[in-house]
Amino acid sequence: MKFQFNQEQKELLNKIRFGFDVNDDLDEELYIELMEKVPDYLMLHGFDENYTPNEIGRICEDIITILTAHK
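The numbering of the sequence shown is numbering that gives the first Met the number 0, which starts it at 0 and goes up by one.
See the structure below:
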(Lines of atoms letter the chains of each structure in order from A and count residues from 1; the text may use other names and numbers.)
(Lines give C-alpha, C1' and ligand atoms only; values in the text may rest on other atoms or scores of the structure.)
Protein backbone atom coordinates (compact mmCIF):
# COMPACT_ATOMS: atom_id res chain seq x y z
CA MET A 1 0.00 0.00 0.00
CA LYS A 2 1.24 3.44 -0.85
CA PHE A 3 -0.25 6.55 0.71
CA GLN A 4 -0.13 10.17 -0.42
CA PHE A 5 0.61 12.34 2.62
CA ASN A 6 1.02 16.11 2.42
CA GLN A 7 4.06 17.87 3.88
CA GLU A 8 2.62 18.58 7.35
CA GLN A 9 1.41 14.98 7.63
CA LYS A 10 4.87 13.71 6.67
CA GLU A 11 6.46 15.99 9.27
CA LEU A 12 4.16 14.66 11.99
CA LEU A 13 4.79 11.06 10.93
CA ASN A 14 8.52 11.74 11.21
CA LYS A 15 7.98 12.95 14.80
CA ILE A 16 6.32 9.64 15.64
CA ARG A 17 9.56 7.96 14.48
CA PHE A 18 8.62 4.87 12.57
CA GLY A 19 11.42 2.43 11.78
CA PHE A 20 10.53 2.63 8.09
CA ASP A 21 9.82 5.25 5.43
CA VAL A 22 6.07 5.93 5.44
CA ASN A 23 6.34 7.05 1.81
CA ASP A 24 7.38 3.57 0.64
CA ASP A 25 5.03 0.85 -0.52
CA LEU A 26 3.93 -0.64 2.82
CA ASP A 27 2.98 -4.21 3.54
CA GLU A 28 0.18 -5.23 5.90
CA GLU A 29 2.45 -5.37 8.95
CA LEU A 30 3.71 -1.80 8.46
CA TYR A 31 0.16 -0.61 7.75
CA ILE A 32 -0.94 -2.08 11.09
CA GLU A 33 1.93 -0.31 12.83
CA LEU A 34 0.76 3.00 11.34
CA MET A 35 -2.80 2.27 12.44
CA GLU A 36 -1.61 1.61 16.00
CA LYS A 37 0.86 4.45 16.48
CA VAL A 38 -0.99 7.37 14.87
CA PRO A 39 -4.10 7.03 17.09
CA ASP A 40 -1.84 6.60 20.14
CA TYR A 41 -0.04 9.84 19.22
CA LEU A 42 -3.42 11.51 18.72
CA MET A 43 -4.54 10.51 22.21
CA LEU A 44 -1.30 11.72 23.82
CA HIS A 45 -0.74 14.98 21.94
CA GLY A 46 -3.81 15.80 19.87
CA PHE A 47 -6.25 17.42 22.28
CA ASP A 48 -6.34 20.63 24.29
CA GLU A 49 -7.54 20.95 27.89
CA ASN A 50 -11.18 20.93 26.68
CA TYR A 51 -10.61 17.70 24.72
CA THR A 52 -10.94 19.59 21.45
CA PRO A 53 -8.55 18.49 18.70
CA ASN A 54 -5.57 20.83 18.41
CA GLU A 55 -3.38 21.20 15.31
CA ILE A 56 -1.60 17.90 15.98
CA GLY A 57 -4.96 16.23 16.50
CA ARG A 58 -6.32 17.57 13.24
CA ILE A 59 -3.29 16.28 11.35
CA CYS A 60 -3.53 12.87 13.05
CA GLU A 61 -7.21 12.66 12.18
CA ASP A 62 -6.41 13.48 8.55
CA ILE A 63 -3.75 10.75 8.46
CA ILE A 64 -6.18 8.23 9.96
CA THR A 65 -8.75 9.19 7.31
CA ILE A 66 -6.18 8.54 4.57
CA LEU A 67 -5.20 5.20 6.10
CA THR A 68 -8.76 3.96 6.55
CA ALA A 69 -9.81 5.04 3.05
CA HIS A 70 -7.40 2.45 1.61
CA LYS A 71 -8.82 -0.49 3.53
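Positions of the beta carbon are idealized from the N, C-alpha and C atoms, including for glycine.
Continuous alpha helix (DSSP H) stretch holding residue i: start and end
i	result
Glu27	Glu27 to His44
Gln8	Gln6 to Ile15
Thr51	Where Thr51 is concerned, there is no enclosing alpha helix (DSSP H), given that its DSSP letter is neither H nor E.
Proximity to residue i [Cα-Cα], best of the options
i	options	result
Glu54	Tyr30, Leu11, Met0 and Asn22	Leu11
Ile63	Thr51, Phe19 and Gly45	Gly45
Asn13	Glu60, Thr51, Glu27 and Leu33	Leu33
CB contact flag (residue i, residue j, <8 Å)
i	j	result
Ile65	Lys36	no
Phe2	His69	yes
Gln6	Ile58	no
Outcome for residue i when other beta-carbon atoms lying within 10 angstroms are tallied against a minimum of 16
i	result
Tyr40	buried
Leu25	buried
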